[in-house]
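Notes to accompany the following structure.
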Amino acid sequence: MLKIYITDLAAYNCGYLIGEWITLPLEENELKESIKKILQQGQEVCEDECHEEYFITDFEFMDVKLFEVEEYSSPYELNRQLTLIQEQVEPHQYKSVKVLLENGLVSSLEEAIEKIDELIIYEESSMTDIAIQYIDEYTDLNGYHPLITAHIDYEGIGRDLELDGSYFTEGSDIFQFIG
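Numbering (our numbering), first residue to last: 12 to 190.
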């Protein structure tokens with residue numbers, strides 16, 4: 012789900028780029044061994060001791076970018092979060108987790124996972140499409156003269172719905188938070 016490039020900080024400060032791409036999630040002991048191997052390579056290249064620090068020099072989400080990754084993010088915490096997502100979230104729900112986290116609708120990954128079902132997803136839609144659907148669902152326009160129904164401002168209604176603060180756009184999809 013996420014590839015990170017872990018770099019030995021001491022080797023980097025000596026002018027060497029010693030690191031390795033690691034794909035998360037994986038077993039914690041495998042992660043620990045991979046980092047240990049990177050640090051040992053750094054010690055060998057620099058011909059010194061005390062290689063304990065590392066940092067993330069690059070990363071690449073394989074699916075949806077679910078959260079921010081920074082230089083000094085903990086690989087162990089990233090691994091924990093990705094393991095949690097892999098165990099509890101279906102791939103088609105990744106965008107929902109991202110929308111909840113990025114828009115401040117929840118304060119943690121765990122809360123985002125709990126609230127996934129509190130989002131309605133309108134795929135490949137616009138706010139005008141949602142307004143049309145809303146009017147069709149909540150009003151019966153049958154019996155009104157076509158002259159009247161042809162002048163309903165669906166775009167304006169869509170803008171008003173968007174100003175409500177419960178609609179969020181991600182790519183070509185719109186998410187409505189009903190929580």
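Ideal Cβ placement from N, Cα and C applies to all residues, glycine included.
On a predicted model such as this, the values are computed, not experimentally measured, just so you know.
Per DSSP, the unbroken alpha helix (DSSP H) holding Lys106 starts and ends at Tyr105 to Glu113. Judged by DSSP in its simplified three-state form, Leu158 adopts helix.
Contact check for Gly26 against Thr18 fails: the beta carbons are separated by 7 Å or more. By the Cβ rule, the stretch 78-98 counts as touching the stretch 34-47, because three or more pairs are nearer than 8 Å. An exposed status is given to Ala161, since fewer than 16 other beta-carbon atoms sit within 10 Å of its beta-carbon. In the assembly as shown, Cys61 is an exposed residue. Its beta-carbon has fewer than 16 other beta-carbons within 10 Å. The beta carbon of Ile67 lies closer than 8 Å to those of Ile15, Tyr16, Ile17, Thr18, Val80, Glu81, Glu82, Tyr83, Ser84 and Pro86 in the same chain, with the five residues before and after it left out.
With distances taken between CA atoms, Ile124 lies nearest to Gln99 out of Ile49, Gln99 and Asp147. With a cutoff of 7 Å on beta-carbon distance, Leu77 and Lys126 are scored as not near each other. When Asn114, Glu181, Glu41 and Asn24 are compared, the shortest CA-CA separation from Tyr65 is found for Asn24. The C-beta distance from Glu134 to Asp184 rounds to 5 Å, short enough to fall under 8 Å.
Here the alpha carbons of His103 and Leu111 stand approximately 14 Å from one another. The closest CA to that of Glu38, considering only Cys57, Ala22, Leu28 and Gln97, is found on Gln97.
In the DSSP annotation of this structure, Gly169 is not part of any beta strand (DSSP E); the continuous alpha helix (DSSP H) holding it starts and ends at Tyr165 to Leu174.
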